[in-house]
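Down below is the structure, laid out as structure tokens.
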Amino acid sequence: MLGRLSYGMVSFSLVLAIKEATGSYAVAGTVMALFALTSVFLSPVRAGLVDRYGPRRALCPMAAAYALLLTGLAVATAWPGASGILLGVLAVPTGACTPPLGPVMRTLWSDLVPDRRLLQRAYSLDAVAELLFVTGPLLVGLLVQVAAPSVGLAVSAALVLIGALALSSSPAVRGWAGREKTPLGPTSPEGRVSGARSSLLRRWLLHGDPGMRQAITVAAAVGMCLGAFDLLVIAFADEHETPSVVAWVLAALSGGSAIGGLFYGAVPWRASGRLRLAFLAAALGLSLAAMGISPDPSMLIAWAAIGGLFVAPALTTAYLIADECADPAGRTRAGAWVNTSFNAGSAGATAAIGLLVGRLPLPVCFVLAAAPVVLSATTALRRSGRSTRTAAGPIERERTTAAEPQPSIDG
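In my numbering, the protein residues as written are 622 to 1032.
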């Protein structure tokens, strides 16, 4: 849990620290994108190392390297005038070493709880873990009141190291070496996926069911929306001279996502997944666009909470559609590509919006950030050759609690 709290802190701390050290939103967005993209695209390598050598031999060195490099970023951003090139050089290996704590934890749950009904309850703990992503930004917000943002990076480094060591020393990992070497298949946006194959992705995108293309497109658009959100909120706070509001806005988004995910999983929906996904994507995009015209921080917090209600359900529905479109042997990889597209979209949008903030009015930036997810809603309305399930079965309930996304890194 300490390690996951670290992931709730790192993105916010990194953006704030780089912005303060360089005075540039563009540099902050670019460095954050380098960090996130490296973490996303090297996730199969890291997860494969854990699969091959086990958590004790692979997770601890990753956590130690990640904590050391993150501490280096904290030192580099501790004083104004930091070099953007130096920060980028440090961000790349830091993202590459991100320990996959979330995937390892879910794999252990699967090994320890063979009963599917009990396993579903175990996965529901992820809804409680969502509170850590609310606590993370709030903790950073408190820290920056008394210390530099770089302190948040140092605290995040310490937490992930302690969490990884505690997980690796747990008695639950003793039987890891004896299990089959199957790829880790996380289903939440904080878990990064191994076992994905580019040939399968090309098959799904070019020749596969339209539903799979829709799921990947909407997931990427939601990632772009949330990736831009962090920088836009910081810019809003600067414009209104209320830096403390940033943590509360991010907490409102995370809290709304947790509530929306729990409600969505409890309701037996009759509408098709395609129609639900279109509605959820459009509602999220319109909420983000409305944030740009908020007259004061309290209204921004309210809109963030409303927008958050649609985040987890949108990603959950994308996972469900991908699951329906894939054959049984490819379901894990189908979910993996939805996850990867979300994180890739988030990283790319962070860099892009950093170039726009300061050059365009802030309301226009909010609208541009919302545009991809609104446009993706139109693709969700297109007819596909394969019908989708109209009611939430056991798989939907299981995926719902595990698919609450955050624009943060969880291995």
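The beta carbon of each residue, even a glycine, is placed where N, CA and C say it ideally should be.
Beta-bridge annotation (DSSP): valine 978 is paired with Leu981.
Note on geometry: alpha-carbon atoms of valine 870 and leucine 921 lie some 7 angstroms from one another. When the five nearest sequence neighbours on each side are left out, the beta carbons in the same chain lying within less than 8 angstroms of the beta carbon of glycine 881 are those of Gly929, Leu930, Phe931, Val932, Ala933, Pro934, in order along the chain. Short of 6 angstroms from the beta carbon of lysine 640, and not among the five residues preceding or following it, lie these beta carbons of its own chain, in chain order: Ala649.
At least 9 angstroms separates the beta-carbon of alanine 992 from that of glycine 876. Take the alpha-carbon of proline 676 and the one of valine 725: they are about 8 angstroms apart.
Going by DSSP, cysteine 846 is part of the alpha helix (DSSP H) stretching over 831 to 861.
Within the same chain, Ala899, Ala902, Ala903 come within 6 angstroms of alanine 998 by CB-CB distance, once the 5 residues on both sides are set aside. The DSSP-derived three-state label of phenylalanine 931 is coil. Cα atoms of alanine 990 and leucine 996: separation of roughly 11 angstroms, rounded to the nearest angstrom. Sixteen is the threshold: since fewer than 16 other Cβ atoms of the shown chains lie within 10 Å of the Cβ of serine 919, the residue is exposed. A distance below 8 angstroms between beta-carbons, with the five flanking residues on each side excluded, links tryptophan 700 to the following residues of its chain, in chain order: Ala642. A direct Cα-to-Cα measurement between methionine 833 and cysteine 946 gives close to 6 angstroms. Phe633 is the residue among Ala679, Phe633, Phe884 whose C-alpha sits nearest the C-alpha of serine 777. In the three-state DSSP reduction, glycine 913 falls in the coil class, being neither helix nor strand. Counting of Cβ neighbours within 10 angstroms places arginine 895 among the buried residues, the total reaching 16 or more. Here alanine 872 is near leucine 759, since their CB atoms are less than 9 angstroms apart.
With contact defined as three or more Cβ pairs closer than 8 angstroms, the segment 907 to 917 and the segment 962 to 978 are not in contact.
From the listed residues Ala695, Leu764, Ala970, Leu691, the smallest Cα separation to tyrosine 646 is found for Ala970. Non-local C-beta neighbours of valine 761 in its own chain, meaning closer than 8 angstroms and more than five positions away in sequence, comprise Met630, Phe633, Ser634, Leu637, Pro770, Gly773, Ala868, ordered along the chain. Out of Ser893, Leu626, Val671, the CA that lies nearest to the CA of isoleucine 783 is found in Leu626. The beta carbon of alanine 685 is closer than 7 angstroms to those of Leu782 in its chain, skipping five residues each way along the sequence. Of the residues Val866, Ile942, Ile974, Ala785, the one whose Cα lies closest to the Cα of isoleucine 837 is Ile942. Annotated as proximal: alanine 856 and cysteine 986, with beta-carbon spacing under 9 angstroms. Here arginine 980 is exposed, its C-beta having fewer than 16 other C-beta atoms within 10 Å. Excluding its 5 nearest sequence neighbours in each direction, valine 959 has C-beta neighbours in its own chain below 7 angstroms: Ala836, Ile837, Ala840, Ala939, Tyr940, Ala943, listed in chain order. The alpha-carbon of valine 888 is positioned some 19 angstroms away from that of isoleucine 927. In the three-state DSSP reduction, arginine 667 falls in the helix class (H, G or I).
Straight across, the Cα-Cα distance linking tyrosine 885 with threonine 651 is about 34 angstroms. Just so you know, the alpha carbons of valine 994 and proline 864 end up roughly 27 angstroms apart. Counting other Cβ atoms within 10 Å of its Cβ, isoleucine 706 stays below 16 and is therefore classed as exposed. Between the beta-carbon of alanine 654 and that of alanine 968 there is about 5 angstroms, and that keeps the pair under the 8 angstroms contact cut. Going by DSSP, arginine 891 is part of no alpha helix (DSSP H) at all; its letter is neither H nor E.
In the DSSP assignment, serine 789 falls within the unbroken alpha helix (DSSP H) covering 770 to 789. The straight-line gap separating the alpha-carbon atoms of serine 893 and leucine 883 is approximately 19 angstroms.
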